[in-house]
Amino acid sequence: MLSSVKIPGLCVGTMLAWWAVSPASAEEWQRPTVHGGEISRSVGKDGDVYTGSTIRTGPNGGTYTSSSKCLGGVVDRCARSYSGTGPNGQSFSGKRVSARGPFGGRSAGSFTGPNGNTVHGFRRWRR
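Residue 62 in the working numbering is what sits at position 54 of the sequence shown, and the numbering runs on without skipping anything.
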């Protein structure tokens with residue numbers, strides 16, 4: 009039976025479940041979405057390293073791809089990158105890194121939109 013383990017501090021506002029059966033394990037699944045698209049997900053765990061990737065396609069031709077890697081420990085550290093293309097061919101991409109420890113955490117990232125402009129952000133929080 010698979011047990012669910014949540015990685016704190018993965019990304020601000022984002023919670024992903026990671027499945028682990030043994031020190032080195034992986035799981036993959038694929039399913040249709042409610043509105044006619046498809047999503048496929050791959051997750052893995054090797055010791056304190058968690059990895060995951062997602063590919064989502066929409067019924068109108070849009071795509072979204074995301075990959076992430078987290079390191080567990082006294083301070084949990086995660087990095088995620090993502091990109092996508094809309095049905096009209098416009099693309100976007102972004103990156104986010106975060107770290108969370110016993111006294112709080114911080115998160116930084118960037119997003120590049122279809123017009124080529126990049127926005128950077130940073131957030132720090134305390135417990």
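Think of the CB as a built atom: it goes at the ideal place given N, C-alpha and C, for glycine as much as any other residue.
Would you say residue 34 and residue 57 are within 8 Å of each other, going by their C-beta atoms? Locating residue 34 in the sequence shown gives position 26, where the first residue counts as 1. Locating residue 57 in the sequence shown gives position 49, where the first residue counts as 1. In this structure, residue 57 does not lie closer than 8 Å to residue 34 by Cβ.
Run through DSSP, which three-state label would residue 137 get? Absent from the structure is residue 137, since the part of the chain shown begins at 9 and ends at 135.
Neighbour-count burial assignment, residue 135, 16 or more Cβ in a 10 Å radius: What you label residue 135 is simply residue 127 of the sequence shown in a count that begins at 1. Exposed.
State buried or exposed for residue 54, treating a residue as buried only when at least 16 other CB atoms are found within 10 Å of its CB. Here residue 54 refers to the residue found at position 46 when the sequence shown is read from its first residue. Burial call: exposed.
When you compare the CB positions of residue 48 and residue 59, do they come within less than 8 Å of one another, or not? Locating residue 48 in the sequence shown gives position 40, where the first residue counts as 1. Locating residue 59 in the sequence shown gives position 51, where the first residue counts as 1. No, the Cβ-Cβ distance between residue 48 and residue 59 is not below 8 Å.
Cutting at 6 Å between CB atoms, please list the residues of its own chain near residue 85, excluding the five before and the five after it. Position 77 of the sequence shown, counted from the first residue, corresponds to residue 85. These residues qualify, in order along the chain: 79 and 107.
Residue 113 classed as buried or exposed, judged by whether at least 16 other C-beta atoms fall within 10 angstroms: Here the question's residue 113 lines up with position 105 in the sequence shown. By the 10 Å Cβ count, residue 113 comes out buried.
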